[in-house]
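What follows is a set of notes on a single structure, which appears directly below.
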Amino acid sequence: MIACLGRIVQDTDADSIPDDDVSTLSESLDLQGTIESGGITGVAGKDFGGLYSVKPLALIKPSGTEDIARVVNAASRTSHLTVAARGNGHSINGQAMADGGFVIDMRSTEENHFKPLTIDGSHYIDVSGGALWEDVLKRCVSMFRLAPRSWTDYLSLTVGGTLSNAGVSGQAFRFGPQTSNVTELEVVTGKGEITVCSETQNSELFFGALGGLGQLGIITRARVKLQRAPDMVRWIRVVYTEFEEFTRDAEFLVTQEEGESFDYVEGFVFSNSDDPINGWPSVPLDPDHEFNPAYIPQTAGSVLYCLEVALHYRNSERPSTVDTAVSRLLERLGSIQRLKFQLNVSYVEFLLRVKQGEEHAKANGNWDSPHPWLNIFISKSSIVDFDRTVFRKMLKDGIGGPMLIYPLLRSKWDSRTSVVLPEGEIFYIVALLRFVPKGPTVEKLVAQNHEIIQWCNKEGLDFKLYLPHYQSKEDWKRHFGNQWTRFVERKTSFDPMAILAPGQKIFKRTHIIKP
Numbered sequence: 001m002i003a004c005l006g007r008i009v010q011d012t013d014a015d016s017i018p019d020d021d022v023s024t025l026s027e028s029l030d031l032q033g034t035i036e037s038g039g040i041t042g043v044a045g046k047d048f049g050g051l052y053s054v055k056p057l058a059l060i061k062p063s064g065t066e067d068i069a070r071v072v073n074a075a076s077r078t079s080h081l082t083v084a085a086r087g088n089g090h091s092i093n094g095q096a097m098a099d100g101g102f103v104i105d106m107r108s109t110e111e112n113h114f115k116p117l118t119i120d121g122s123h124y125i126d127v128s129g130g131a132l133w134e135d136v137l138k139r140c141v142s143m144f145r146l147a148p149r150s151w152t153d154y155l156s157l158t159v160g161g162t163l164s165n166a167g168v169s170g171q172a173f174r175f176g177p178q179t180s181n182v183t184e185l186e187v188v189t190g191k192g193e194i195t196v197c198s199e200t201q202n203s204e205l206f207f208g209a210l211g212g213l214g215q216l217g218i219i220t221r222a223r224v225k226l227q228r229a230p231d232m233v234r235w236i237r238v239v240y241t242e243f244e245e246f247t248r249d250a251e252f253l254v255t256q257e258e259g260e261s262f263d264y265v266e267g268f269v270f271s272n273s274d275d276p277i278n279g280w281p282s283v284p285l286d287p288d289h290e291f292n293p294a295y296i297p298q299t300a301g302s303v304l305y306c307l308e309v310a311l312h313y314r315n316s317e318r319p320s321t322v323d324t325a326v327s328r329l330l331e332r333l334g335s336i337q338r339l340k341f342q343l344n345v346s347y348v349e350f351l352l353r354v355k356q357g358e359e360h361a362k363a364n365g366n367w368d369s370p371h372p373w374l375n376i377f378i379s380k381s382s383i384v385d386f387d388r389t390v391f392r393k394m395l396k397d398g399i400g401g402p403m404l405i406y407p408l409l410r411s412k413w414d415s416r417t418s419v420v421l422p423e424g425e426i427f428y429i430v431a432l433l434r435f436v437p438k439g440p441t442v443e444k445l446v447a448q449n450h451e452i453i454q455w456c457n458k459e460g461l462d463f464k465l466y467l468p469h470y471q472s473k474e475d476w477k478r479h480f481g482n483q484w485t486r487f488v489e490r491k492t493s494f495d496p497m498a499i500l501a502p503g504q505k506i507f508k509r510t511h512i513i514k515p
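Sequential numbering from 1 applies to the sequence shown in full-length UniProt numbering.
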């Protein structure tokens, strides 16, 4: 097998593996799934970010976990082949790519696991690492009236993909990120070993793989916590002129006990203008809702702030009961009273709210354009300075997409995972989600992202990149800080030759991992 693999790697350009070599490679690997030639124009050579492209050797469509283990084992017997797991291709900076290596299409395994369990009275679902959260939601709600507790905003992402990062949305203040809502994983390590792990079994791999950026293993199955799914959601947006009032109310809501706050809390920044994408029209929840700028105080600055919240309820509850609960919570907030927007939607419709945006973006051609996105965790101690310079000055005219900002609670995150956070109990996620046409504008916005990061470093802000992307080992050491040694030790234990996730550019393919 290795002789055959070596011949193909040495004698064939990854951009066009002949059909007979693909067939030979498939037979040599003894896979139950299929293999397609790689190439820079195929799906394995690009991602949602649209900023990078590479030439993988081949795209593997495994039938299951055993196929994935065979591919990793085959790569380990060569001197330089790498393996990258690709979910639904929504990485931004080439993190799921493997230049000259194998890319594993995890979507081909999506149906391998879907099993409900009840353990000590609590509900769980075993799902494939290649399943989309959107499908997990629909099946759990329709079949069991249950649903996972923690989500991402966009659900056409794979289970293994988000768990390898964190998985954050407006429920994370209460239940933590998605990495805090799984109790067991099945992982294929960089040694090609299939390992079941949990808090009590192979715990170093369990916590290391969660938020581990794919560096320690490929998640092939996850056991996800479930709760009873509500029927409906009251979806609300309110507007602020002052950042301090916006953050005060957001922090108040995320620190209240369950039953004393909303079930979802997010927010975003928008331009104080009539720009249809970046300004006032981006706030109303329904086309029939009108944003009346006459209600904005004359003292308002270049940007405004929207607090987005939601309250779950059941069909059996009277509308007046829901109205009373919402009014009780809203009356404690300091938002502009006459700029309030509400909508009742089903629970599933609410969680799939970004789907409409996706369909609209695909219709106008923006979905396939580059997405130079930037996601940052920023401590409470630094967020006012960030707003003053970045939002109010650098980005005051908008970015051609949402500028999300909302608080999270460190105590809801498990410090044993590989996720790196800023200091303090309260910190914020800032997500700059740009949609831009191809051309010089993309390079300009990538440069602006670098400028923002450089400014944060220069001013000494306490921050960490979420979905991080660095080019040098020194930058990665700085990112992990005092967790770097632990991360390297885990890498040495579970992927000693640095076969996995080469697109992250953390470790170079080798036989020994050096600190």
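C-beta: ideal position from N, C-alpha, C; glycine also. Small disclaimer: the values here were computed from a predicted structure and weren't measured.
Residue range of the alpha helix (DSSP H) that includes residue i
i: K491; result: 484-494
i: H312; result: Counting along the chain, H312 falls outside any alpha helix (DSSP H), though it belongs to the beta strand (DSSP E) covering 303-313.
i: Q356; result: 353-364
i: E251; result: 243-254
i: P319; result: 319-330
i: M403; result: First-last for M403: 403-409, but that is the beta strand (DSSP E), not the alpha helix (DSSP H).
i: R478; result: 473-480
i: T162; result: 159-163
i: L137; result: 133-144
i: residue 594; result: With the chain running from 1 to 515 in the structure shown, residue 594 is simply not present.
i: K380; result: 380-386
Between the CA atoms of residue j and residue i - distance to the nearest angstrom
i: S320; j: Y466; result: 41 Å
i: N315; j: Y124; result: 24 Å
i: I68; j: N165; result: 20 Å
i: E110; j: L500; result: 20 Å
i: Q356; j: S282; result: 14 Å
i: R139; j: V326; result: 29 Å
i: G100; j: V141; result: 41 Å
i: L57; j: P148; result: 37 Å
i: Y406; j: D30; result: 48 Å
i: N366; j: R77; result: 42 Å
i: K491; j: E245; result: 44 Å
i: A14; j: S493; result: For A14, the predicted model reports a pLDDT of 43, less than 50, meaning its position is unreliable; a value from the coordinates is still stated below. Taking the straight line from one Cα to the other gives about 30 Å.
i: R248; j: A98; result: 44 Å
i: D19; j: A74; result: Below a pLDDT of 50, predicted positions are generally treated as unreliable, and D19, at 46, falls in that range; the measurement from the model is reported next regardless. One C-alpha to the other measures close to 20 Å.
i: C456; j: D462; result: 8 Å
i: P293; j: S472; result: 47 Å
i: Q201; j: S411; result: 23 Å
i: D105; j: H360; result: 26 Å
i: K61; j: E358; result: 26 Å
i: R332; j: F391; result: 26 Å
i: K514; j: P468; result: Because K514 carries a pLDDT of 48, less than 50, the predicted location of this residue cannot be relied on, and no value is offered for it.
Residue range of the unbroken beta strand (DSSP E) whose run includes residue i
i: P502; result: P502 -> no beta strand (DSSP E), and no H or E assigned at all.
i: D126; result: 122-128
i: A58; result: 58-61
Distance CB(residue i)-CB(residue j) smaller than 7 Å
i: F144; j: P177; result: no
i: R416; j: F207; result: yes
i: M394; j: V269; result: no
i: T220; j: E186; result: yes
i: L343; j: A229; result: no
i: V254; j: V224; result: no
i: R353; j: G400; result: no
i: D414; j: S37; result: no
i: E134; j: S156; result: yes
i: G267; j: L210; result: no
i: F48; j: G89; result: yes
i: A44; j: L25; result: no
i: V233; j: A310; result: yes
i: F341; j: P284; result: yes
i: S169; j: T152; result: yes
i: R509; j: A498; result: yes
According to DSSP, residues forming a beta bridge with residue i
i: Y52; result: Partner(s): none; Y52 has no beta bridge.
i: E266; result: E308
i: D105; result: R86
i: I336; result: I336 pairs with nothing; no bridge assigned.
i: G424; result: G424 is not bridged to any residue.
i: K191; result: Partner(s): none; K191 has no beta bridge.
i: L185; result: C197, A222
i: Y240; result: Y305
i: I35; result: I60
Residue i Cβ short of 6 Å to the ligand HEM heavy atom set
i: E244; result: Among the components of this structure there are no ligands whatsoever, and the ligand HEM is therefore not found.
Three or more C-beta pairs closer than 8 Å, one from the region 444-453 and one from the region 365-376: is that the case here?
At 8 Å Cβ cutoff, the stretches touch.
Do the region 424-441 and the region 206-219 make contact, defined as three or more Cβ pairs closer than 8 Å?
Pairwise C-beta distances place the region 424-441 out of contact with the region 206-219, as fewer than three of them are shorter than 8 Å.
Counting Cβ pairs, one atom from each stretch, are 3 or more of them under 8 Å apart for the region 117-131 and the region 76-84?
By the Cβ rule, the region 117-131 does not count as touching the region 76-84, because fewer than three pairs are nearer than 8 Å.
Evaluate the contact criterion for the region 500-511 versus the region 91-106: three or more CB pairs, one atom per stretch, below 8 Å.
Enough Cβ pairs lie closer than 8 Å, so yes.
Taking contact to mean at least 3 C-beta pairs separated by less than 8 Å, is the region 284-303 in contact with the region 245-263?
The region 284-303 makes no contact with the region 245-263: fewer than 3 CB pairs, one atom from each, lie closer than 8 Å.
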